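See structure below.
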Amino acid sequence: MDNSADIAIDFFDFKLWGAARAYYINEYDKLLNEIASVSEEAITYLHVNRKKIWSRSKFGTTSKCDYITNNISEVFNSWVVAFTAFTRDNNRDKYIDPYFTVEKFKEAYALEIGPLPTKDQWVHMETKEKIYAPIIKRPIGRPRKNKIGTKEELSSK
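Read in order, the letters of the sequence shown correspond to residues 45 to 201 in the working numbering.
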């Protein structure tokens, strides 16, 4: 078998599987551009087959299975039943701090924080200014002691 054919197969194998496994669209696009630089026919073939089928970065984020939440929460029901047998008072509000209420929980998690992009996903900007690291103002070596010694400590030296 021809060695160049093996190298081409390895290249497409590596790049295609990398694109299929890519979590981020930027990484997916970068790998597809590398494939497109070698073979445009491969890209047209991949676009004919739907990207949502074979690319992880194009998958939806919603769960398709109720098993994830329902059955796991069922495990704790026996614990709840055992706990309710030992409750002292039906007015549980006087035992629980307002910090642990549903309203405070919803208030704490009201804002959505999306995933932060990694360095390879940053938007590249062309600037003529050179940005340098900040100037280090801290001197080299161990910091000087700020303690003022007592008479005994000063005389022992």
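Yeah, the Cβ is synthetic: ideal placement off N, Cα and C, and Gly gets one too.
On a predicted model such as this, the values are computed, not experimentally measured, just so you know.
Check                                                                                                            : Outcome
DSSP state of residue 191 mapped onto helix, strand, coil                                                        : coil
CB contact flag (residue 78, residue 59, <7 Å)                                                                   : yes
Residue 82, DSSP secondary structure in three states                                                             : helix
As assigned by DSSP and simplified to three states, the class of residue 99                                      : coil
Cβ shell of residue 65 (< 7 Å), same chain only, five flanking positions each side left out                      : 100
Residue 63, buried or exposed, once every other Cβ within 10 Å from all chains shown has been counted against 16 : buried
Helix, strand or coil at residue 45 [DSSP, three-state]                                                          : The predicted position of residue 45 is uncertain, since its pLDDT is 49 and thus under 50; a value taken from the coordinates is nonetheless stated next. Residue 45: coil per DSSP, three-state reduction.
Proximity winner among 86, 126 and 69, relative to residue 102 (alpha-carbon distances)                          : 69
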